[in-house]
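A.B. asks: Per our numbering, the sequence shown starts with residue 99, numbered consecutively. The beta carbon of each residue, even a glycine, is placed where N, CA and C say it ideally should be.
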Amino acid sequence: MLKKPARYDNCVLLAEHAEPDTYKEAIASKESSEWLAAMKEEMDSLEANNTWELVNLPQDRKAIWSRWVYKIKKNADGTVQRFKAHLVAKGYSPKVGVDFNETFSPVVQWDTIRTVLSVAAYKKLKLVQFDVKTAFLYGDLQYDIYMHQPQGFEDGTGQVCKLLKSIYGLKQAPRVWNERFKSFAMKCGLKQSNSDPCLFLNDEKSIYLIVYVDDGIIASVDEQAVKQFLEKLKSDFSVVIGVANYFLGMQIECLEDGDIFVHQEGYCRKVLKHFEMSECNSVSTPVEKGTITTDHLEFLPATVPYREAIGILMFLAIVSRPDISYAVGVLSQVLDKPQQVHWSMIKRIMRYLKGTEKCGILFQCNEDNTLQCFTDSDYAGDPLSRRSTSGMIFMTYGGAVSWRSQRQSCIALSTTEAEFIAASQAAKEAIWLGNLLSELRCVSTIPDLHMDNQSAIRLVKNPEFHSRTKHVDMRYKFIREQCQTKQLDVAYCSSEMQAADIFTKPLVKDRF
């Protein structure tokens, strides 16, 4: 019996409408008319874009196969926006050096998305969202690729499609589309960011453009400039344009006073419904202090969707819920052999989400123009490896734009050393964020890294305690160099004011 590979266990489709896996399922479903219309729309786009020509297959070449992939695109409230069908090449068939060469393509970072939204709130910029339809069809191929005719649309001649343009599923498709859009953006007067290759800027008109494959958001105070850009976009591509309220699973609310609130309330409700916990009792913290242990011997059966739950919660922790990052990070370390206690901890996180569905991140237009950085560490918190956990959070205009909760790669021999390692890791992110904000014409002062350990601060500023720290890896002394060159500074804050504390250990309700 065939089973789904374990690496896909953390993938889940939270949908009320069934999305068919095959062409036969699509035409046999109750939404067959919608799926047929979606496939017809896709074929019309392929034809209009001159994607292929029908030819006889050369004797020395093999044709790859294709399949239909179906997707229901939804609005922020969960209602159906439209049915989508993509013709996808079976990407495992092409051979490197024959059908393709380079394949890497960047995507925008979540830290960049949140930072741009924070700046949009501060500057009261207008947000517009767009979706490029059949985006991968606009890329030009450098190799000859032959493909069998699409299922359901064969003409009976036995000829094959010689691809003239890229299509979904080809290994090089994301790369050629990215190059195509980059060329278009620069032709429109935008320059590519040095901090994130999927961020484009126009300083004179204060236009900021972020792109994630075929989805994008434009932020600008100049409505006329945005209108002109969208007209050019529509002339080169087939696009759907609308209000920026739901982007990559993140809900965006532009409030009347100019503030911007991002959250995932709808996604949280789907998660609770999927795991049959919609009516559960809520709790005040995502993890109970003192419950993290691996001493139990009761392992979970394979039927328990542990990996799936971790994948779902990880998405929340990455996008808009830094408050569950520590708990999810700890539980993700036991994916191979989770125990019953770990499943109970996952259910506690969901009970916490039940009471905090509407929580998110608020970026305020009247906040100070500063980048606030906090870093912290526990000491030997992992009961097996005795490695410490670094925590960091970066806030601008009242809201968090970046955060981390991660186990350190080496064993610290003291609390000072653990804090020093955490600060060195945070320094890299602080400098990157500072450079990004400078590109966005914000935050001119060097960032302060707030720590609650005086010894670690002295170690950063001065090469003290040589006999006790000479074994520390040189890469962690990066922060000392950055302080000496005035790229950043470190400052003391009390433990009560340490915002990064939630990323290093379980906290009681009053501290959380």
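Among Y241, L538, V337, S430, which one has its Cα closest to the Cα of E302?
C.D. replies: Closest in alpha carbon position to E302, among Y241, L538, V337, S430, is L538.
A.B. asks: Below 8 Å, can you find three or more Cβ-Cβ pairs linking the segment 524–531 to the segment 465–475?
C.D. replies: yes
A.B. asks: Only counting runs of 3 or more residues, tell me where the beta strand (DSSP E) segments fall wholly within the segment 445–479, in order along the chain.
C.D. replies: As far as the segment 445–479 is concerned, its whole beta strand (DSSP E) runs of at least 3 residues are 458–461, 469–475.
A.B. asks: Do you know how far the Cα of Q157 is from the Cα of S418?
C.D. replies: 54 Å
A.B. asks: Can you list, in chain order, the residues of its chain with a C-beta nearer than 6 Å to that of Q523? Leave out the 5 residues immediately preceding and following it.
C.D. replies: S488
A.B. asks: Is the CB-CB distance between L534 and V360 below 8 Å?
C.D. replies: no
A.B. asks: Going along the chain, which unbroken runs of the beta strand (DSSP E) with 3 or more residues stay wholly within the segment 204–280?
C.D. replies: 224–230, 258–261
A.B. asks: Starting from the C-beta of K188, find all residues in its chain whose C-beta is less than 8 Å away, skip the five residues before and the five after it, and write them out in chain order.
C.D. replies: I162, W163, S164, R165, G267
A.B. asks: Less than 8 Å separating the beta-carbons of K260 and S143?
C.D. replies: no
A.B. asks: Looking at the structure shown, is G532 part of a helix, part of a strand, or coil, going by DSSP?
C.D. replies: Residue state, collapsed to three classes: helix.
A.B. asks: Quick one: Cα of G287 to Cα of F327, how far?
C.D. replies: 9 Å
A.B. asks: Indicate whether V381 and G453 have their beta-carbon atoms separated by less than 8 Å.
C.D. replies: yes
A.B. asks: Does the segment 226–243 come close enough to the segment 438–448 to have 3 or more Cβ pairs within less than 8 Å?
C.D. replies: no
A.B. asks: What's the C-alpha gap between I408 and M141?
C.D. replies: Roughly 38 Å separates the two Cα atoms.
A.B. asks: Whose C-beta lies closer than 8 Å to the C-beta of V196 among residues of the same chain, with five residues either side of it excluded?
C.D. replies: Caution is warranted here: a pLDDT of 44 is assigned to V196, below 50, making its placement in the model unreliable, and no coordinate value can be reported.
A.B. asks: Is it buried or exposed, N551, if we count other Cβ atoms within 10 angstroms and call 16 or more buried?
C.D. replies: buried
A.B. asks: Find the nearest neighbour of D355 within the set K607, S376, C463, judged by alpha-carbon distance.
C.D. replies: Taking only the C-alpha atoms, the option nearest D355 is C463.
A.B. asks: Apart from the five residues just before and just after L100, which ones in its own chain have a Cβ nearer than 7 Å to its Cβ?
C.D. replies: Residue placement at L100 is flagged as unreliable, the pLDDT there being 43, under the threshold of 50; a coordinate-derived value is accordingly withheld.
A.B. asks: Beta-carbon separation of F279 and K289 under 8 Å?
C.D. replies: no
A.B. asks: What does the alpha-carbon distance come out to for the pair G479 and C366?
C.D. replies: 29 Å
A.B. asks: Where does M137 land, buried or exposed, given buried means 16+ other C-beta within 10 angstroms?
C.D. replies: buried
A.B. asks: Evaluate Q580 with the Cβ neighbour count: other Cβ atoms within 10 Å of its Cβ, from every protein chain shown; 16 or more gives buried, anything less gives exposed.
C.D. replies: With 16 or more neighbouring CB atoms inside 10 Å of its own CB, Q580 falls in the buried class.
A.B. asks: The alpha helix (DSSP H) spanning Y424 covers which residue range?
C.D. replies: 423–429
A.B. asks: Under 8 Å, Cβ to Cβ, is there at least one residue of chain C near D119?
C.D. replies: Among the protein chains of the structure shown there is no chain C, as only one such chain exists.
A.B. asks: Can you give the beta carbon distance from N173 to Y310, rounded, assuming they're within the 8 Å contact cut?
C.D. replies: Not really, about 18 Å apart at Cβ, beyond 8 Å.
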